[in-house]
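For the sequence shown, the UniProt record's numbering puts the final residue at 303, and the numbers step up evenly by one. Cβ coordinates follow ideal geometry from the N, Cα and C atoms, glycine included.
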Amino acid sequence: MRERGAGGEAGQRAVDALAAEASAKAIRGVAPEAPSPGFAAIDWSKPWFAPFAARGQRWQQAALTGYADLLAEMNADAAQMRQTTGRGQRLAFIAQDDLPSGAAYEAHIASTGCVPTRHNLHDFFNGSMWFAFPRIKAALNARQSAALDALGVGPTRGGVRDMLTLFDENALLFACADPALSAALRGFDWQTLLVGRRDAWGRSCEVRCFGHALLEKLITPFKGCTGHAWIVDVPAAYFEWDAAARDAWLDEAVSAALLGIDALTSRLFAPLPVLGIPGWWPGNESPAFYDDAAVFRAGRRKR
Numbered sequence: 001m002r003e004r005g006a007g008g009e010a011g012q013r014a015v016d017a018l019a020a021e022a023s024a025k026a027i028r029g030v031a032p033e034a035p036s037p038g039f040a041a042i043d044w045s046k047p048w049f050a051p052f053a054a055r056g057q058r059w060q061q062a063a064l065t066g067y068a069d070l071l072a073e074m075n076a077d078a079a080q081m082r083q084t085t086g087r088g089q090r091l092a093f094i095a096q097d098d099l100p101s102g103a104a105y106e107a108h109i110a111s112t113g114c115v116p117t118r119h120n121l122h123d124f125f126n127g128s129m130w131f132a133f134p135r136i137k138a139a140l141n142a143r144q145s146a147a148l149d150a151l152g153v154g155p156t157r158g159g160v161r162d163m164l165t166l167f168d169e170n171a172l173l174f175a176c177a178d179p180a181l182s183a184a185l186r187g188f189d190w191q192t193l194l195v196g197r198r199d200a201w202g203r204s205c206e207v208r209c210f211g212h213a214l215l216e217k218l219i220t221p222f223k224g225c226t227g228h229a230w231i232v233d234v235p236a237a238y239f240e241w242d243a244a245a246r247d248a249w250l251d252e253a254v255s256a257a258l259l260g261i262d263a264l265t266s267r268l269f270a271p272l273p274v275l276g277i278p279g280w281w282p283g284n285e286s287p288a289f290y291d292d293a294a295v296f297r298a299g300r301r302k303r
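This is the structure:
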């Protein structure tokens, strides 16, 4: 069911078809589809959403208008950015129903460049990451499609694909210039990381949300919401750069790691409760916030 080498043509067909559909509806006076529940609930002032707000607000308005409008907005950005997927195919977004029957999702993206997308928050945030961290998304897609080529779809994903899926769905990028802070995260030393060295946040370490399922959960944040932190060692100068330069550096470094590490396992992550990140939740201004052992656990290494 794969159409290798057809990504650019398929992407342009998707854009043209969506534009034609939107125009036809306008001419006929057809009312837009009812918005998917949740789009209106995105609060772009929240620190986990704020880095993606510029594009996200445009997409949000399109999503509230209708499914075709969202796909058209996403494809307009894709055409301008000329982004590619894991095997160099031009990125485009298609309706979920356009995924051929029996086709594997990641393999279809790799071979055609077309990302099947539903009218929901989960796929909205997934699409956002193709622009926020394009190299990371392409690296994940390349590894996933290579694993599918080698092992097929099968009843289970296997260890490597499980890890890649976990990254895609739930990862946090923990950028850190101080090895002591990275060690505290790996060692579940919450008092050092989040209380004693609180002043280091923004100067020696910071977090970017990446996982699209995690972003979806953070529409209605709760204390136990935990991401899988991927620790990225950054130079001290990193914290002197603007946000765009930081994101570009992370995109390059993390994508290279994902493509270069043979033994990808979930042990490479460190759990990090999102609402415990300094500055991300008003309640964590009090040190007592971190006394909740059900959330800030001692962890397997302590046990």
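Within 7 Å, strictly: CB atoms of residue i and residue j
| i | j | result |
| --- | --- | --- |
| Asn-120 | Ala-92 | no |
| Gln-177 | Val-234 | According to the sequence as given, residue 177 is Ala; it is not Gln. Yes, these two residues count as a Cβ contact at 7 Å. |
| Met-163 | Leu-264 | yes |
| Pro-278 | Trp-201 | yes |
| Ile-136 | Val-254 | yes |
| Gly-227 | Leu-214 | yes |
| Ala-175 | Glu-206 | yes |
| Arg-186 | Phe-239 | no |
| Ala-183 | Leu-193 | no |
| Thr-117 | Gln-89 | no |
Contact set for residue i: own chain, Cβ-Cβ below 8 Å, skip 5 residues either direction
| i | result |
| --- | --- |
| Leu-259 | Ala-139, Ala-142, Arg-143 |
| Val-195 | Pro-287, Tyr-290 |
| Cys-225 | Leu-214, Lys-217, Leu-218, Pro-273, Val-274, Leu-275 |
| Trp-241 | Trp-249 |
| Ala-243 | Pro-51 |
Span of the beta strand (DSSP E) around residue i
| i | result |
| --- | --- |
| Phe-93 | 92 to 95 |
| Thr-227 | Checking the displayed sequence, the identity of residue 227 turns out to be Gly instead of Thr. Gly-227 -> beta strand (DSSP E) spans 226 to 233. |
| Leu-172 | 171 to 176 |
| Leu-264 | No beta strand (DSSP E) holds Leu-264; DSSP gives it neither H nor E. |
| Glu-240 | Per DSSP, Glu-240 belongs to no beta strand (DSSP E) and is neither H nor E. |
| Arg-203 | Counting along the chain, Arg-203 falls outside any beta strand (DSSP E), and DSSP gives it neither H nor E. |
Same chain, Cβ closer than 6 Å to residue i, five either side skipped, listed in chain order
| i | result |
| --- | --- |
| Phe-289 | Gly-283 |
| Arg-87 | Ala-110 |
| Arg-208 | Leu-173 |
| Asp-98 | none |
Residue from the options whose Cα sits closest to the Cα of residue i
| i | options | result |
| --- | --- | --- |
| Ala-146 | Asp-262, Asp-291, Ala-293 | Asp-262 |
| Glu-169 | Glu-206, Gly-127, Pro-221 | Gly-127 |
| Phe-210 | Ser-286, Asp-97, Ala-40, His-122 | His-122 |
| Arg-161 | Glu-106, Ala-243, Ser-182 | Glu-106 |
| Leu-172 | Trp-48, Phe-39, Ile-42 | Trp-48 |
| Lys-217 | Arg-87, Phe-131, Phe-124 | Phe-124 |
| Ala-40 | Gly-86, Ala-79, Ala-62 | Ala-62 |
| Gly-159 | Arg-267, Leu-275, Val-274, Thr-117 | Arg-267 |
| Leu-151 | Arg-203, Leu-64, Ala-104, Gly-86 | Ala-104 |
| Ala-236 | Pro-179, Thr-220, Gly-113 | Pro-179 |
| Ala-95 | Thr-220, Ala-79, Asp-242, Cys-114 | Cys-114 |
| Arg-55 | Asp-69, Ala-68, Leu-64, Asp-77 | Asp-77 |
| Lys-46 | Asp-98, Arg-197, Thr-220 | Thr-220 |
Boundaries of the alpha helix (DSSP H) in which residue i is found, first to last residue
| i | result |
| --- | --- |
| Glu-285 | Careful: Glu-285 lies outside any alpha helix (DSSP H) and carries neither H nor E. |
| Arg-186 | 179 to 186 |
| Thr-117 | Careful: Thr-117 lies outside any alpha helix (DSSP H), inside the beta strand (DSSP E) at 114 to 117. |
| Arg-143 | 134 to 151 |
| Val-254 | 243 to 260 |
| Arg-87 | Run containing Arg-87: none; DSSP gives neither H nor E here. |
| Gly-158 | It is not in any alpha helix (DSSP H) - Gly-158 carries neither H nor E in the DSSP assignment. |
| Gly-56 | 53 to 65 |
| Lys-217 | 212 to 217 |
Cα-Cα separation, residue i to residue j
| i | j | result |
| --- | --- | --- |
| Leu-71 | Leu-166 | 25 Å |
| Asp-247 | Phe-133 | 7 Å |
| Ala-50 | Trp-44 | 5 Å |
| Asp-199 | Trp-281 | 15 Å |
| Pro-32 | Lys-223 | Only weak support is given to the placement of Pro-32: the predicted model assigns it a pLDDT of 45, under 50, and the question is left unresolved by the model. |
| Met-81 | Trp-130 | 10 Å |
| Gly-38 | Gln-60 | 10 Å |
| Ala-270 | Ala-229 | 5 Å |
| Gln-57 | Leu-148 | 35 Å |
| Leu-181 | Ala-245 | 22 Å |
| Phe-52 | Glu-73 | 15 Å |
| Thr-84 | His-212 | 19 Å |
| Ala-79 | Ile-42 | 25 Å |
| Gly-299 | Leu-64 | 41 Å |
Neighbourhood of residue i by C-beta distance below 7 Å, restricted to the same chain and skipping five residues each side
| i | result |
| --- | --- |
| Arg-297 | Phe-188 |
Contact with chain D by residue i, beta-carbon distance below 7 Å
| i | result |
| --- | --- |
| Phe-239 | This model lacks chain D altogether, as it is built from one protein chain only. |
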